[in-house]
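Okay, so here's the structure we're looking at.
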Amino acid sequence: MGAARFCFLQHLFFYYICCIWPATFRQRNYKKPVGTPNRPRRVAYRPMDKNGRPMMGYINPDCDDGKKRLNVDHDERKQDSSCGYHDALKFSFVTPPHYCMDTRIKYPSRIPTFEGHRPLWPRYGEYNYVPPQRWLHSIEHGAVVML
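According to mature numbering (1 follows the signal peptide of the UniProt record, and there is no 0), the residues represented by the sequence shown are -19 to -1, 1 to 128, in order.
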C-alpha cells in the first residue's frame, strides 16, 4: 500500500509541476511586440542601497513593473507553455535494461543520461565516487546527481 501511495503521489507531483504550475504563469491575450528599437532606452536604477548598488526589488514604473508589456518576453510557441506530461505517458514502456555484474557497461558519452545500468542504485547521500552504472539508475528514479 505504501509503494502504491508513493507512486500515486509521485505522479500527482509531476502532473502539478508539468500542467498546473506553468498555467499560473500563462497570460492570455498577448499582443505581439511592435518591434525592437535600434537603440534600447536605458533607465537609471533608483534608489541605490547603502553600498551604492541598485536596490533589488525596486519597481521602476518607467522601466518594468512586472505587469505591463509582458508580450515583449513572451514566446508564443505552444511548446513553451503546454503540458508535455501526457505525451510522455505514451512512451512509459521504454525503460533501460538492467545488467548484472558479469556484463561490462560502456557508455557512448562521458556523462550518460539514458542507458542500461546496474539493478541496484546507491542510497541517497553524499559520496566521493559513484560509478555511472549506479547513479544512472538513481536518475531513473528521480534523483539529482551532482558531479
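Backbone N, C-alpha and C fix where the C-beta goes; we use that ideal spot for every residue, glycine too.
His79 sits in a strand when the DSSP states are folded into three classes.
Comparing C-alpha distances from Tyr39 to each of Lys49, Gly123 and Pro28 shows the shortest one belongs to Pro28.
For His122, the secondary structure class from DSSP, reduced to helix, strand or coil, is coil. By the C-beta criterion, the region 90 to 99 is judged to be in contact with the region 108 to 120, since at least 3 inter-stretch pairs fall below 8 angstroms. Under DSSP, Asp30 shares a beta bridge with no residue. Each of Val125, Pro42 and Pro113 was checked against the Cα of Ser90, and the nearest Cα belongs to Pro113. The shortest CA-to-CA distance from Trp102 to any of His122, Asn109 and Arg85 is the one to His122.
Taking a 10 Å sphere around the C-beta of His98, we find 16 or more other C-beta atoms and assign the residue as buried.
The residues Ile86 and Gly97, in chain order, have a CB closer than 6 angstroms to that of Tyr80 in the same chain once the five nearest residues on each side in sequence are set aside.
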